[in-house]
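Under the numbering used here, the first residue of the sequence shown is numbered 52, with each subsequent residue one higher.
Glycine residues also receive a C-beta, built at the ideal position from the N, C-alpha and C atoms.
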Amino acid sequence: MKLRWGVTAAVSALAVVLLPAVFVPSVASAAPAPAAPASLPIVRCEFTPTPENPAARPVLRPLPFALTRGTIDVTFRFNYGPVTVRLNRAGAAPCAAHNLASLALQRFYDHSQCWRLTNSARLGVLQCGDIYEAEKGGPGYKFADEVDGTETYGRGTIAMGNQGPGTNGSEFFIVHSFANIPANYSVMGKVVRGMEVLDRIVAAGIIPTDPNGPQDGLPAKPVKIQKATVGF
């Protein structure tokens, strides 16, 4: 599989940003990754290929370890303006944070569209990360949920979207008001800049496409991620 940028450069960039220099496993190696040394602030992550749902865009699976301390910022430059989220590696979902940063580094989200906007009394989110349409067009792999049942989804929360247990891939949602939903979605962090951008997206309205109600469907004005960048 050929990337738009060289595989060597991609692996090097991911290793430098996402893992400590003391351990950089080879992505190309067919051998299973060893267990994470207990003395290092990292956790093992398992990204399982989904041949039944191939990658919508050329992308490498993330390295199989995630840092469990510190934060990392990702900025989504929407056609409405920039939104920066701070991913908490020390939180409950380090593999999810690691995955989102990996996909942003590989430009998976660039020039993609957010296909779902909700603004009901129960759910107020912008859903992005699917390349073709809502819930279609992922990265060609999946990984487990990182939830313990205490998750809440207040304004500004960014969390993984899924289509059932253990189906995390590239889909995510940002809460623009609140989300009264079960604790089934891995929480990665919070918006630190740009909530007013989300407010403008909501104010532009919704084209209903869901039988659950008129406040669930396509954004009335298309919402596009022009570029996603990882901060240091």
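Asked: Through-space distance from residue 154 to residue 137, alpha-carbon basis; Found: 15 Å
Asked: C-beta contact flag for residue 189 and residue 217 at 8 Å; Found: no
Asked: Residue nearest to residue 163 in terms of C-alpha spacing, selected from 128, 171, 142 and 170; Found: 128
Asked: Whole runs of the beta strand (DSSP E) within the segment 91 to 166, excluding any shorter than 3 residues; Found: 93 to 95, 116 to 118, 122 to 129, 132 to 139 and 163 to 165
Asked: Residue 247, buried or exposed, once every other Cβ within 10 Å from all chains shown has been counted against 16; Found: exposed
Asked: Close Cβ partners of residue 269 (< 6 Å) along its chain, the five nearest in sequence each way excluded; Found: 258 and 260
Asked: Touch test, the segment 88 to 98 against the segment 166 to 182, Cβ-Cβ under 8 Å, three pairs minimum; Found: no
Asked: Contacting residues, own chain, Cβ-Cβ under 6 Å from residue 253 (five flanking each side not counted); Found: 170 and 227
Asked: Continuous alpha helix (DSSP H) assignments of at least 4 residues falling wholly in the segment 200 to 267; Found: 246 to 254
Asked: According to DSSP, residues forming a beta bridge with residue 183; Found: None, per the DSSP bridge assignment.
Asked: Span of the beta strand (DSSP E), counted from its first residue to its last, around residue 271; Found: Neither: residue 271 is in no beta strand (DSSP E) and is coded neither H nor E.
Asked: Neighbourhood of residue 193 by C-beta, 7 Å cutoff - its chain only, sequence neighbours within 5 removed; Found: 99, 101, 217, 218, 219 and 220
Asked: The segment 191 to 207 touching the segment 226 to 242, judged by at least three CB pairs closer than 8 Å; Found: yes
Asked: Sub-8 Å separation of residue 232 and residue 209 beta-carbons; Found: no
Asked: DSSP state of residue 169 mapped onto helix, strand, coil; Found: strand
Asked: Top-ranked residue by Cα proximity to residue 243, from 133, 115, 109 and 113; Found: 133
Asked: Whole-angstrom distance between residue 223 and residue 185, CA atom to CA atom; Found: 11 Å
Asked: Of the residues 191, 111 and 143, the one placed nearest residue 118, counting alpha carbons only; Found: 143
Asked: Chain-order list of residues whose beta-carbon lies under 6 Å from that of residue 131 (same chain, five-residue window excluded); Found: 248, 251 and 252
Asked: Among 177, 172, 112 and 168, the one whose alpha carbon lies nearest that of residue 150; Found: 112
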